[in-house]
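These notes concern the structure reproduced below.
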Amino acid sequence: MAGSALGSRSVTVEQNQPEPAEARAEQQAEPSTAESAEHHEQIEAAQQDEVPVAAPADDIDLDAMTADLDGVDAALVRLADGTYWTDEVTGEPIPPEVLAADPIARRS
């Protein structure tokens with residue numbers, strides 16, 4: 001009987017030990033203290049980044065914005081009329097590089 005007790009005892013010990021793959025999975029699932037601290041520092045640094053804030057209404061130049069929108073509207077009308085690429089004063093074509101730099105240009 002002593003032999004059978006020894007045999008069952010060794011089986012019991014082997015059953016309580018995790019498989020090597022399971023042990024690795026457990027180690028990978030639990031971050032180390034250093035990894036946790038580093039992750040926490042990264043989160044704090046990200047939270048401290050400045051977030052852009054919209055300018056107060058008194059800093060916005062509404063007249064300039066209105067003039068820009070008027071220029072866009074005029075360019076759309078000229079595009080619909082087929083005169084978008086033509087200098088309004090000389091009647092000459094406006095070079096593509098001028099329109100690329102300033103899409104609402106009326107003169108070359």
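According to UniProt numbering, numbering within the sequence shown proceeds without interruption in unit steps and concludes at 108.
Idealized CB from N, CA, C, for every residue including glycine.
The structure displayed is predicted, hence computed values, not measured ones.
Residue 75 places its beta carbon less than 8 Å from that of residue 103.
Within the DSSP bridge table, the entry for residue 93 names 86 as partners. Take the alpha-carbon of residue 46 and the one of residue 100: they are about 38 Å apart.
If you draw a straight line from the Cα of residue 78 to the Cα of residue 39, it comes to about 57 Å. Distance between residue 82 and residue 93, taken at the CA atoms: about 12 Å.
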